[in-house]
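Asks: Here the sequence shown is numbered in our numbering, starting from 4 and rising by one per residue.
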Amino acid sequence: EGLHYLHYCTKPTYVHRNINNRNVLLTADWRAKISGFGSAKPLDVNNEKGKDYSKESAIVGREGYLAPEYLKYGQASTKVDVYAFGVVLIELLSGKEATTNGELLKNFLKSAANKELHQGSPGYLEMLEQFMDPLLEKDYPVDDALYLACLAKACMEEDPLSRPTMNDVLMALSRIL
């Protein structure tokens, strides 16, 4: 909800640019809050005839959470936050930090891309079970875990135009809450 607010309810639109597991806090009643707004920046939609990103001279954020287009070209957009949110979702599912075991996360996403996600093939379910945080002791609805894994994968698409918006993410999350 916090990212949705930054992307849709502020004028101008703001991009957080530093979403990671240390900037997503939980309250006593398990509500998520965003912190670390020092890197937040208004999105300049007037640059080059309405492009929805701005060119950055300095890249900010934590390794493992940075979207490819932001790293390569310095393009900051709301899709940069969506990518980082996908990384946080993967961390929640796996119980592993993206920056300490980035290869595991990348391998999971590559494997997931090769499976038929919408059909929930048995091989994919086994891979998901192995990927899930062992502290959960398989005590979670498998269909919700699969849904979250698919959502995280969509958020982390290489092409920013293929990623969902935070509005799409918020609607998707509301389906399982």
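For glycine and all other residues, C-beta sits at the position ideal for the given N, C-alpha and C.
Which partner residues does residue 27 have in the DSSP bridge list?
Replies: Stepping through the sequence shown from its first residue, residue 27 is reached at position 24. Residue 27 pairs with 37.
Asks: In terms of residue numbering, what span does the alpha helix (DSSP H) encompassing residue 72 cover?
Replies: Mapped onto the sequence shown, residue 72 falls at position 69. Looking at the DSSP string, the run of the alpha helix (DSSP H) that includes residue 72 is 71-76.
Asks: Output the distance between the C-alpha atoms of residue 176 and residue 66, rounded to the nearest integer angstrom.
Replies: The count along the sequence shown starts at 1 and reaches residue 176 at position 173. The count along the sequence shown starts at 1 and reaches residue 66 at position 63. Taking the straight line from one Cα to the other gives about 25 Å.
Asks: What residue range is occupied by the uninterrupted alpha helix (DSSP H) comprising residue 100?
Replies: Your numbering for residue 100 matches position 97 in the sequence shown. Per DSSP, residue 100 belongs to no alpha helix (DSSP H) and is neither H nor E.
Asks: Do three or more CB pairs link the stretch 35-42 to the stretch 12-20 at distances below 8 Å?
Replies: yes
Asks: Comparing alpha-carbon positions, which option in 4, 139, 145 lies nearest residue 131?
Replies: On the sequence shown, position 128 is the one that residue 131 refers to. Measuring from the Cα of residue 131, the nearest candidate turns out to be 145.
Asks: With the cut-off set at 7 Å, would you say residue 165 and residue 136 are in Cβ contact?
Replies: In the sequence shown, residue 165 corresponds to position 162, counting from 1. In the sequence shown, residue 136 corresponds to position 133, counting from 1. It is not a contact, given that the beta carbons lie outside the stated cut-off.
Asks: For residue 44, list the residues DSSP reports as bridge partners.
Replies: Residue numbering aside, residue 44 sits at position 41 when the sequence shown is read from its first letter. Residue pairing for residue 44: DSSP places it in a beta bridge opposite 18.
Asks: Whose CA, out of 180, 99, 9, lies closest to the CA of residue 42?
Replies: Stepping through the sequence shown from its first residue, residue 42 is reached at position 39. Shortest Cα-Cα distance from residue 42 to any of 180, 99, 9 involves 9.
Asks: Is it right to say residue 169 is buried, meaning 16 or more other beta carbons lie within 10 angstroms of its own, or is it exposed?
Replies: Reading the sequence shown from its first residue, position 166 is the one you call residue 169. Classification for residue 169: buried.
Asks: Roughly how many angstroms lie between the CA atoms of residue 7 and residue 23, to the nearest whole one?
Replies: Looking up residue 7 in the sequence shown gives position 4. Looking up residue 23 in the sequence shown gives position 20. Rounded to whole angstroms, residue 7 to residue 23 spans 16 Å at the Cα level.
Asks: Candidates 140, 142, 101, 88: which alpha carbon is nearest residue 157's?
Replies: Position 154 of the sequence shown, counted from the start, is the residue given in the question as residue 157. It is 88 whose Cα lies nearest to the Cα of residue 157.
Asks: Between residue 155 and residue 69, is the Cβ-Cβ spacing less than 7 Å?
Replies: The count along the sequence shown starts at 1 and reaches residue 155 at position 152. The count along the sequence shown starts at 1 and reaches residue 69 at position 66. Their beta carbons are not under 7 Å apart, which means residue 155 does not touch residue 69 by this criterion.
Asks: Just verifying my parser: in three-state terms, what is the DSSP assignment at residue 175?
Replies: Position 172 of the sequence shown holds residue 175. Residue 175: helix per DSSP, three-state reduction.
Asks: Looking only at its chain, what residues have a beta carbon closer than 7 Å to the beta carbon of residue 27, apart from the 5 residues adjacent to it on each side?
Replies: Stepping through the sequence shown from its first residue, residue 27 is reached at position 24. Only 35, 37, 91 meet the Cβ criterion.
Asks: Looking at C-alpha atoms only, which residue of 95, 46, 80, 82 is the closest neighbour of residue 25?
Replies: The count along the sequence shown starts at 1 and reaches residue 25 at position 22. Cα-wise, what sits closest to residue 25 is 95.
Asks: Could you give the DSSP three-state label for residue 79: helix, strand or coil?
Replies: By one-based count along the sequence shown, residue 79 stands at place 76. DSSP places residue 79 in strand when its eight states are reduced to three.
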